[in-house]
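Going left to right, the sequence shown walks through residues 1 to 294 as full-length UniProt numbering numbers them. From the three backbone atoms N, C-alpha and C, an ideal C-beta is built for every residue, glycine too. Structure, as structure tokens:
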Amino acid sequence: ILDLSINGASWTTGVSGTALDFDGINDYVNTSLTQSLSSNAFSVFLWAKDIPNGNKYIISQAYIFSPFTSDWLLGNPNHGLWFNDEKIDGNNQLSDGNWHHIGFIFDGIEAKLYIDGAQHNSSIIPPEVGGIGPVVFMTRADLTTGFVSGTIDEIYIYNHVLNPIEIQNLYQQYAPTTPSTPSTPSGPTTGKPGINYEYNTTSIDIDEDNIYYLWDWDDGSDFIWLGPYSSGEICTRSHTWTVEGTYNVKVKAKDQIGLESNWSNPLTVEIIMKPPIADANGPYYGTTDDSVHF
Ligand SMILES: [Ca+2]
Ligand SMILES: [Ca+2]
Ligand SMILES: [Ca+2]
1 ILDLSINGAS
11 WTTGVSGTAL
21 DFDGINDYVN
31 TSLTQSLSSN
41 AFSVFLWAKD
51 IPNGNKYIIS
61 QAYIFSPFTS
71 DWLLGNPNHG
81 LWFNDEKIDG
91 NNQLSDGNWH
101 HIGFIFDGIE
111 AKLYIDGAQH
121 NSSIIPPEVG
131 GIGPVVFMTR
141 ADLTTGFVSG
151 TIDEIYIYNH
161 VLNPIEIQNL
171 YQQYAPTTPS
181 TPSTPSGPTT
191 GKPGINYEYN
201 TTSIDIDEDN
211 IYYLWDWDDG
221 SDFIWLGPYS
231 SGEICTRSHT
241 WTVEGTYNVK
251 VKAKDQIGLE
261 SNWSNPLTVE
271 IIMKPPIADA
281 NGPYYGTTDD
291 SVHF
């Protein structure tokens with residue numbers, strides 16, 4: 001457990017509970033962790049959101065203070081890893097408005113960057129490691145430059161190397177969820193050409209994202225994503241078939257970050273131009289002026 005000294009950062013909604021939000025002007029967090037992490041194996045992981053593109057001091061520790069050099073720095077280049085001038089480019093994965101899981105492992109020789117549970121780019125072998133001063137968040141370790149705006153949560157620093165399965169598990173704990181396969185469309189299963197019929201479906205997204213629906217009416221009509229709907233809300237859509245036939249109506253869902261469900265089971269709809277069925281039943285003869293019943 002680290003002692004955190006929070007300077008200006010405010011609390012906001014996180015991947016779990018609350019998270020720290022930084023203004024990029026003068027907000028930062030200082031920690032009680034001052035030992036030279038990099039003299040041994042260690043790992044650093046966190047969730048981050050809304051980090052502007054470019055080289056950023058998300059978490060770092062100094063190597064020397066005068067002139068200043070970082071020992072290790074997560075966030076540079078382009079949300080990547082900088083470790084005594086060896087670099088892994090992060091390709092600006094943290095700026096799209098969604099939460100991402102980012103971190104690195106160092107086994108005492110080699111360092112690897114992980115983004116959203118998977119290794120990102122090649123590993124590096126940093127020379128002459130040896131951190132001094134406290135580990136800091138969202139600024140350079142001199143606490144006077146390199147302030148970063150954005151939100152961070154669930155920050156873990158380990159004094160050992162996590163294996164790929166442990167890293168994947170850490171990511172899956174709060175990884176974004178895909179909406180469930182929508183329910184089989186419900187509505188009329190027979191009808192006539194030229195008449196409008198109404199169908200319903202719904203889907204659930206565990207992380208409560210807004211949901212968009214794509215209906216396939218099986219008649220070549222355009223596919224358009226409709227929404228947003230909240231998770232579990234009924235999506236009602238009407239359709240008119242112009243040609244007689246048997247149509248398999250199905251629907252799929254995606255959430256606001258673009259994760260797509262499978263297609264639903266189809267509802268089979270028969271569209272036919274039936275003649276009215278005469279089903280008269282009554283006497284075959286009658287008398288003039290008497291009424292007969294059918
Ligand atoms: Ca949290
Ligand atoms: Ca401030
Ligand atoms: Ca989702």
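For residue i and residue j, I'd like the C-alpha separation in whole angstroms.
i, j, result
"residue 62", "residue 15", "29 Å"
"residue 105", "residue 143", "24 Å"
"residue 49", "residue 242", "48 Å"
"residue 109", "residue 97", "34 Å"
"residue 76", "residue 91", "10 Å"
"residue 151", "residue 113", "20 Å"
"residue 103", "residue 3", "20 Å"
"residue 7", "residue 122", "35 Å"
"residue 34", "residue 257", "38 Å"
"residue 219", "residue 247", "7 Å"
"residue 266", "residue 202", "14 Å"
"residue 153", "residue 46", "6 Å"
"residue 25", "residue 263", "47 Å"
"residue 149", "residue 11", "13 Å"
"residue 217", "residue 250", "7 Å"
"residue 181", "residue 207", "15 Å"
"residue 167", "residue 161", "10 Å"
"residue 204", "residue 128", "51 Å"
"residue 107", "residue 38", "9 Å"
"residue 163", "residue 269", "52 Å"
Can you check whether the CB of residue j is closer than 9 Å to the CB of residue i?
i, j, result
"residue 199", "residue 191", "no"
"residue 29", "residue 60", "no"
"residue 83", "residue 118", "no"
"residue 193", "residue 271", "yes"
"residue 196", "residue 240", "yes"
"residue 81", "residue 73", "yes"
"residue 31", "residue 137", "yes"
"residue 124", "residue 157", "no"
"residue 141", "residue 57", "yes"
"residue 36", "residue 146", "no"
"residue 333", "residue 126", "The structure shown does not extend to residue 333, since the chain spans only 1 to 294, so no value can be given for it."
"residue 274", "residue 261", "no"
"residue 68", "residue 132", "no"
"residue 179", "residue 231", "yes"
Comparing the CB of residue i with every heavy atom of ligand 1, is any distance shorter than 8 Å?
i, result
"residue 18", "yes"
"residue 153", "yes"
"residue 14", "yes"
- Task: May I ask you to verify whether the region 200-214 touches the region 232-243, counting CB pairs closer than 8 Å and requiring at least 3?
- Result: yes
- Pocket of ligand 3 (residues with CB nearer than 6 Å to any heavy atom), chain order: 176, 177, 205, 207, 209, 255 and 259
- Message: Using a strict less-than 6 Å threshold between each residue's beta carbon and the heavy atoms of ligand 2, what residues do you get?
- Response: 8, 23, 25, 26 and 27
- Task: Give a yes or no on contact between the region 218-225 and the region 170-183, applying the rule of three or more CB pairs nearer than 8 Å.
- Result: no
- Query: Any contact of the region 37-44 with the region 15-24, i.e. 3+ C-beta pairs under 8 Å?
  - Reply: no
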